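Below is one structure, written out as structure tokens, with a few remarks after it.
Numbering (our numbering), first residue to last: 55 to 186.
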């Protein structure tokens, strides 16, 4: 079992916010979708902001394993998204891909965006207080 760290938690840490609690005896990583979102942020802002963001993101990418979004994750994404649409629920595609990455591995998702992720069937969401 492990915990996938969502983009919101990585950005909060950059800004000095609280990271969600993650058990030290479990695997931790980020999805390739989160990596893409973080890298996108390095292209925004003033030259000084871009340089600072780039340094931070590169450190994150060095320290945390990046889990791929492959065929298994795509299958989970399609099934869960279809299920949610049948219930009249929608959420951002990138968020659903991140959720599918966690679900495919039976991992929890540490996020500050509980509102969107708690609606995903079967996803264990860890908030900033460590609660599921």
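We put the beta carbon where it would ideally sit given N, CA and C, even for glycine. Small disclaimer: the values here were computed from a predicted structure and weren't measured.
Just to confirm the assignment, what range does the beta strand (DSSP E) spanning residue 162 have? 162–164
Would you identify the three-state DSSP class for residue 85, choosing helix, strand or coil? strand
Mapping DSSP to helix, strand and coil, what is residue 118? coil
Which residue's Cα is closest to the Cα of residue 69: 103, 172 and 144? 103
To the nearest angstrom, report how far apart residue 132 and residue 147 are at their CA atoms. 10 Å
Within its chain, find whatever has a CB closer than 6 Å to the CB of residue 151; leave out the 5 residues flanking it on each side and keep chain order. 87, 123 and 131
C-alpha gap between residue 155 and residue 90, whole angstroms: 14 Å
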